[in-house]
Every structure is written in structure tokens, then in C-alpha cells.
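**Student:** According to the working numbering, the sequence shown is numbered sequentially starting from 99. Each residue gets a CB set at the ideal place from its N, CA and C atoms; glycine is no exception.
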Amino acid sequence: MDVTNPKKKKKPLSPGVCYLGRIPPRMDHKVVRHLLSPYGELDKIYLVPRNPSAPAKNRDRPGKYQTESFSEGWVEFKDKRVAKRVASMLNGEKIGGKKRSAFYYDLWNIKYLSKFKWDDLTGEIAYKNAEREQKLAMEISAAKKEQEFYLSKVESSRKLSAIEERMKKKRKVQEESGTAPDVPVEQPLKLVRQFRQKSPVADGAAKKKPSISRDLLAGVFGSS
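1) For F168, name the three-state secondary structure that DSSP assigns.
2) Where does E174 sit, in a helix, a strand or coil, going by DSSP?
3) Do the CB positions of L118 and E170 come within less than 9 Å of each other?
4) Within 10 angstroms of the Cβ of G261, are there 16 or more other Cβ atoms? Answer buried if so, exposed if not.
5) In angstroms, rounded to a whole number, what distance separates the CA positions of E246 and S239?
6) Whose C-beta lies closer than 6 Å to the C-beta of A185 among residues of the same chain, with five residues either side of it excluded?
7) In terms of residue numbering, what span does the beta strand (DSSP E) encompassing L211 cover?
8) Kindly confirm or deny that the segment 214 to 222 and the segment 197 to 206 touch, where touching means at least three C-beta pairs closer than 8 Å.
9) Are the beta-carbon atoms belonging to L140 and K176 less than 9 Å from one another?
10) Is G190 buried or exposed, if buried means 16 or more other CB atoms sit within 10 Å of its CB?
11) Could you tell me the alpha carbon to alpha carbon distance between E174 and K196, rounded to whole angstroms?
12) Does DSSP classify P136 as helix, strand or coil?
13) Is it right to say P110 is buried, meaning 16 or more other beta carbons lie within 10 angstroms of its own, or is it exposed?
14) With DSSP as the reference, label D217 as helix, strand or coil.
15) What is the rounded straight-line gap between the Cα of S135 and the Cα of A235?
16) Excluding the 5 residues flanking P122 on each side, which residues of the same chain have their C-beta closer than 6 Å to its C-beta?
17) Does the distance between the C-beta of L211 and the nearest non-hydrogen atom of the ligand GTP fall short of 8 Å?
18) Excluding the 5 residues preceding and the 5 following M187 in the sequence, name in chain order all residues of the same chain whose CB lies nearer than 8 Å to its CB.
19) With a threshold of 7 Å on Cβ separation, who are the neighbours of K182 within its own chain once the five nearest residues in sequence on each side are excluded?
20) Is S167 near R198, with beta carbons less than 9 Å apart?
What follows is the structure, encoded as C-alpha cells:
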């Protein structure tokens, strides 16, 4: 007797991830979920802030729209077949909605990522966050070193100014009391330029032949 089970076990759905290459202005996680949910069941959404280093209070101001809060994003559908179909159907199409909608003239830039898991994305996000934190730590360390160097220079200048001020006061007291100052008085240095002197040469001396003294000749040959 052949007994078959009428209830077949369904295979668990394999999720699929789609990449959003551009996030229009005024679009956030809620809007993305609202726009894509009619096409299939969504699970996770991640949007990248345009300026991740900016404080959150500067990125999201209640009641005011930023020019563009997010640059790109990823969405995970619970069924990868739905994700592939949605990407193929919507890519390059108008986001649409009502004509007064802020996204009426914007286009979908969506692509299905084959063999891509959400864990791959979270790992990449963690790596980028760690890299950004390391870069920030290096910048903070460099700023601290620069500040310490500046403060050391200020302290040295302050000490020199204090020494100079004490010397001036001591010199003034000695001058008023009539005693010889034991503090050397700074005098401006005089620059004296020295040149090697040469004896003057008479005009035409180079052309004259050397002459012998008459007294010398008289001593040698005798006087006549």
C-alpha cells in the first residue's frame, strides 16, 4: 500500500540582495520600504549616509529636508527570485507615484547581486567603520601632538619673557641706587667691515724700468 503525504515540505526561501546605486533626495528607509514592498516582501534595508563623519543632528534636522541625505543602499528581499525580478523590472524606470511626488521624475537604479549575502555587506560595513575610526584616531593623535608642541612653545616664550622682565627690574633698581649694574646691558652689535689695504701705486709706475741709486754706484766704482 502506497501512502503519500499530501503535505509536502516547502523549501525555505533563499533571500536575495539588491543594490541601489542612487538614493534620490528626501528618500529614507521608510520611503524605500514603502515603494518596494508592493513588489515583494522586504527584510533588511541599509542606506549609506552621504557624509558619515557628520554628526547625526546635522544630517537629520526635523522639519527640514537635506539636499541628499543618502548616496547608495542595499535591500534584502526574503525570496531571491523576487529580488531578481524586481531589479529586472524596475531598473531604469521612473519611480513615479503622484505627479506632485518628489520622486516622480527620478529613475530607479537597482541591480540584483547574484551570490551576495547580507553577511558580506555587514562585514564590509564593519571593515569600513573600523577603517574610518582608525583614520579618525590618527587625526586626533596628530592634532594632540600639534597642540602639545604649540603649548610647549608658548610655555618657553612665557619663561623667557619672565626672565627678561626680572633682569629689567633688577637693572632699574641698581641704576636708582647708584651701584654698578652686575647685569650686562645689552648693546646693539656694530658691524665693522675690514678690507685689506694696498699701498698706492703711482701713475705710470708699471711702465718705468727699475733704476739703480747713484750713491750705490759711487760706492762700488769709487768717486771720480
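**Tutor:** With the structure as the only source:
1) In this structure, DSSP gives F168 an extended state, which the three-state scheme calls strand.
2) DSSP places E174 in strand when its eight states are reduced to three.
3) Closer than 9 Å, so yes.
4) Checking the displayed sequence, the identity of residue 261 turns out to be Ile instead of Gly. Classification of I261: exposed, given that the 10 Å Cβ count is below 16.
5) Cα-Cα distance, rounded: 11 Å.
6) If you ignore the 5 residues before and after A185, its C-beta comes within less than 6 Å of the C-beta of C116, I208, K209 and Y210, all in its own chain and listed in chain order.
7) That run of the beta strand (DSSP E) goes I208 to L211.
8) At 8 Å Cβ cutoff, the stretches do not touch.
9) Pairing L140 with K176 gives a Cβ-Cβ distance under 9 Å.
10) G190 is classed as exposed because its beta carbon has fewer than 16 other beta carbons within 10 Å across all chains shown.
11) Taking the straight line joining both Cα atoms gives about 26 Å.
12) For P136, the three-state secondary structure derived from DSSP is helix.
13) Classification of P110: exposed, given that the 10 Å Cβ count is below 16.
14) In this structure, D217 counts as helix in the three-state DSSP scheme.
15) About 40 Å.
16) The beta carbon of P122 sits closer than 6 Å to those of F201 and D204, all from its chain and outside the five residues before and after it, given in chain order.
17) This structure does not include the ligand GTP; it has no bound ligands of any sort.
18) Counting only Cβ-Cβ distances below 8 Å, and skipping sequence neighbours, we find Y137.
19) Apart from sequence neighbours up to five positions away, the residues of its chain that approach K182 with a beta-carbon distance below 7 Å are G114 and Y210, ordered along the chain.
20) No, the pair does not count as a contact, with Cβ atoms beyond the cut-off.
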